[in-house]
Amino acid sequence: MKRHDPGTFVTCVYNPDRAVCRPPADTSEQPELGDCRPLACRNTALTPDNRDAHARHVADLDSALAQGDRLAPYIRHRLQQQRQDTSDFLTRHAPEPA
Ligand code: SF4
Numbered sequence: 084m085k086r087h088d089p090g091t092f093v094t095c096v097y098n099p100d101r102a103v104c105r106p107p108a109d110t111s112e113q114p115e116l117g118d119c120r121p122l123a124c125r126n127t128a129l130t131p132d133n134r135d136a137h138a139r140h141v142a143d144l145d146s147a148l149a150q151g152d153r154l155a156p157y158i159r160h161r162l163q164q165q166r167q168d169t170s171d172f173l174t175r176h177a178p179e180p181a
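With our numbering applied, the sequence shown covers 84 to 181.
Below, the structure written as structure tokens:
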């Protein structure tokens with residue numbers, strides 16, 4: 084298992100057997116960061132800064148959705164889904180109680 088530098092939204096703890104950014108037969112020793120799907124990947128870890136970035140993103144989505152009646156239904160639905168997915172992700176990765 085190889086640890087990579089933290090990104091803004093996620094820290095990748097790369098394990099090729101669990102990476103969703105590469106096809107299953109590809110056992111590369113490096114993640115494909117351009118295809119990162121952190122909400123779906125089991126290689127993710129969250130630093131406090133990562134959690135803060137997600138929380139800011141949720142707040143931005145809340146701001147956009149506060150004016151949801153001005154949005155096209157498809158866009159509103161996508162933002163609502165993104166907010167729910169991000170919120171669920173943060174819940175799944177809640178820090179262990181000390
Ligand atoms: S999808 Fe993202 S978190 Fe998962 S292994 Fe690839 S780069 Fe790392």
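C-beta: ideal position from N, C-alpha, C; glycine also.
- In the structure shown, A142 adopts helical secondary structure according to DSSP, grouped into three states.
- Partner residues in the beta bridge of T127, as assigned by DSSP, are C95.
- Excluding five sequence positions before and after D118, the CB atoms of its chain that fall closer than 7 Å to its own CB belong to C104, given in chain order.
- Excluding the 5 residues flanking it on each side, D168 has same chain C-beta neighbours closer than 7 Å at L122, in chain order.
- The C-beta of P114 has 16 or more other C-beta atoms within 10 Å across all chains shown, which makes the residue buried.
- By the criterion of at least three beta-carbon pairs nearer than 8 Å, the region 153–168 is not in contact with the region 131–139.
- The three-state secondary structure of L148, taken from DSSP, is helix.
- With contacts defined as CB atoms closer than 8 Å, T127 and P89 fail to qualify as a contacting pair.
- Apart from the 5 residues on each side of it in sequence, F172 sits with its Cβ closer than 8 Å to the Cβ of P121, L122 and H137 in its chain, given in chain order.
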